[in-house]
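Structure first, commentary second.
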Amino acid sequence: MILDAAARLPRWSFPVIFAALGCLSAAGLQPLGLWFVTLIALGAALALFAQARGPWQGAFWLWSFGTGYFVTGLRWILEPFQVEADIFGWMAPFALALMAAGLALFWGAAGWSAIRFGAGRRGIWLVLTLCLAEFARAYLFTGFPWAGLAQIWVDTPISGALSVAGPHGVALLTLLASFGIAALAGRDWRGAALGAGAALLLAGLAVRLAPVPADANTARPVIRIVQPNAPQHEKFDPDKWRDFFWRQVEATEAAGDPDLIVWPETAIPMLLNNAHEALDIVAGAAGGTDVVLGIQRMDPQKRFYNALIVVAADGTVSDIYNKHHLVPFGEYMPFPALFRNLGIRGLAERADGGYSAGPGPRMITASGLRALPLICYEAVFPQYGRAAEGRPDLLLQITNDAWFGTYAGPQQHLAQARMRAIEQGLPLVRSANTGISAMIGPTGQVLASLPLGTHGFVDAPLPAPLPPTFYARTGDWVAFFVLMAGFFLVNAAPGLARKGKSH
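Read in UniProt numbering, the sequence shown has 273 at position 273, and its numbers run on one by one without any break.
Right, dumping it as structure tokens:
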């Protein structure tokens, strides 16, 4: 009945409907977290896709859906352009529109492929090609997996499935569950059973990871997480940066006996090369405790890096990590000479062409703990949680979420940090300039935190890590293999998803 009514709609209305469904599907992302809205909106799109009359029409409809999803889910992208609004403000709407439209091309390609190759099985083909599109979005052109479909489950028990299936496996099961909704609309009971089976499997994988209570053992190391709350437009202001620096110093020397102190990204607004006096002050305030903090540095070749350092008791730097996955058009400009001639520079860069990338993921040692650093944007990429040799005691994220505004952006960034903890079965310590700073347990629960827009610190015991998860041992390869097997099975067994045009 629903599909019969849809068939009578004018053709011009379908791109509008798909764009609206895409906007609705973003309601599953933070801060709303309405995962059921995402499932229903995806299901409706999968059902209506049966009305597409050719590959290019299918591509346009799915591109419209993706554009709606990304415009709504990534609206925080407007925020960085408001820091220096007189210079960059005009770019904001164009940046959001172009990014959303560009990312949606992956989904448009999925729509084209589903009709071109799916024949009478286009519904299940669309599920598989959408999952493949999300793989491509996560890895191609430096990758941008933000707002992946698995993110809708972070605030639910289903998030435990990330420890087994990873984000792409969970995304595949999510799409299959929505496929079941579409199949119900078309009275395809076999497809509905497939969707129900995927939902049950998703729940079954989740129960493998029962919540672990906060470790009450006082012998666990205590981490002090510092949050200065420096607004981005004031962070490097010559008249104000010292106020934020001393906030961090006061938090560092406050009463208590932490084993490690963590400051956020670019916590000291100067080059490491010129920060000897500042580091002596930090070390003195810490009273013999190691301090991890973010700072910019320049090497002898005059290349700039966004770095994380460990400040030892004597004020020297005992370990250093250079951020390796930089933000395009933020921390560096592709084709810098071209954009420089156009008068366009990156939002956060220091020099022509921006920062240089570090050599890659590596562990550092601070206060005897082995930590895997993730500077800001690097926590978006699940593969980096297992990229270094050996297994760390914790994941360590320092970030400056002032760039992401005060609403959706910081909450989505925190959600992805929680996903990394679940995937690896490791605690994650997160120091964010303006919030949300947090101690995250190995099953993703927030054990202690500082809210957005406040300054202060929190002392929290570091939970013990869990044994390596299945995802920590295998990464994305298993999900990719299952996806390829799905393509093979659907192609080899035409009856597996019959009535493809009914959903």
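For glycine and all other residues, C-beta sits at the position ideal for the given N, C-alpha and C. Since this is a predicted model, take the numbers as computed values, not measurements.
Residue i - DSSP class collapsed to helix/strand/coil
{"i": "I355", "result": "Checking the sequence, you will find Tyr at residue 355 rather than Ile. DSSP places Y355 in coil when its eight states are reduced to three."}
{"i": "A228", "result": "Looking at the sequence shown, residue 228 is not Ala but Pro. Correct three-state label for P228: coil."}
{"i": "residue 507", "result": "Residue 507 lies beyond the residue range present for the chain, which begins at 1 and ends at 503; the question has no answer from this structure."}
{"i": "G287", "result": "coil"}
{"i": "M91", "result": "helix"}
{"i": "N273", "result": "helix"}
{"i": "V327", "result": "coil"}
{"i": "A366", "result": "strand"}
{"i": "I436", "result": "coil"}
{"i": "E349", "result": "Confidence is the limiting factor: at E349 the pLDDT is only 49, short of 50, which leaves the residue's position unreliable, though a coordinate-based value still follows. If DSSP states are grouped into helix, strand and coil, E349 belongs with coil."}
{"i": "A307", "result": "strand"}
{"i": "R430", "result": "strand"}
{"i": "D476", "result": "coil"}
{"i": "A219", "result": "coil"}
{"i": "N491", "result": "helix"}
{"i": "A460", "result": "strand"}
{"i": "A313", "result": "coil"}
{"i": "L374", "result": "strand"}
{"i": "L293", "result": "strand"}
{"i": "A20", "result": "helix"}
Cutoff 6 Å; reference residue i; Cβ partners in own chain excluding five residues on either side
{"i": "L396", "result": "A371, P373, V429"}
{"i": "K499", "result": "With a pLDDT of 45 at K499, under the threshold of 50, the predicted position of this residue should be treated as unreliable, though the coordinate-derived value follows. These residues qualify, in order along the chain: D188."}
{"i": "T129", "result": "A110, S113, A114"}
Residues that residue i bridges to, as DSSP identifies them
{"i": "R8", "result": "Answer is none; R8 lacks a bridge partner."}
{"i": "S13", "result": "In DSSP, S13 forms no bridge with anything."}
{"i": "M298", "result": "F304"}
{"i": "Y321", "result": "L308"}
{"i": "P467", "result": "Note: P467 sits in no beta bridge, so no partner."}
{"i": "S449", "result": "A438"}
{"i": "L260", "result": "I223"}
beta-carbon residue i near the ligand MN non-hydrogen atom, thresh 7 Å
{"i": "D86", "result": "By its list of ligands, the structure shown contains no ligand whatsoever, and the ligand MN lies outside what it can speak to."}
Integer Cβ distance of residue i from residue j, believed to fall under 8 Å
{"i": "G456", "j": "L450", "result": "6 Å"}
{"i": "G169", "j": "V380", "result": "Not quite, the Cβ-Cβ distance comes to about 18 Å (not below 8 Å), so this is no contact."}
{"i": "L452", "j": "P410", "result": "6 Å"}
{"i": "F70", "j": "L103", "result": "5 Å"}
{"i": "A182", "j": "A47", "result": "4 Å"}
{"i": "P463", "j": "P442", "result": "6 Å"}
{"i": "residue 505", "j": "L74", "result": "Here the chain comprises residues numbered 1 to 503, so residue 505 is not present and cannot be evaluated."}
Residues of its chain near residue i, where Cβ-Cβ distance is below 8 Å and the 5 sequence neighbours each way are ignored
{"i": "M270", "result": "A278, I295, Q296"}
{"i": "V37", "result": "L24, S25, A27, G28"}
{"i": "A286", "result": "T252, E253, I261, V311, A313"}
{"i": "Q383", "result": "G475, D476"}
{"i": "D290", "result": "L260, I261, V310, V311, A312, A313, S318, A366, S367"}
Other residues of its chain near residue i: CB distance less than 7 Å, five sequence neighbours each side excluded
{"i": "I158", "result": "L202, A203, A206"}
{"i": "residue 504", "result": "In this structure the chain extends from 1 to 503, so residue 504 is not present and cannot be described."}
{"i": "Q248", "result": "V226, P228, W263, A267"}
{"i": "E378", "result": "K323, H325, Y384"}
{"i": "R386", "result": "Q424, A472, G475"}
In chain order, what are the residue ranges of uninterrupted beta strand (DSSP E) at least 3 long that sit wholly in the segment 135–216? none
Report the start-end ranges of each alpha helix (DSSP H) in the segment 41–98 that is 4 residues or longer and not cut off at the edges. 55–73, 85–88
Sequence ranges, beta strand (DSSP E) only - wholly within the segment 384–426, length at least 3: Runs of the beta strand (DSSP E) spanning 3 or more residues and lying entirely within the segment 384–426 occur at 394–399, in chain order.
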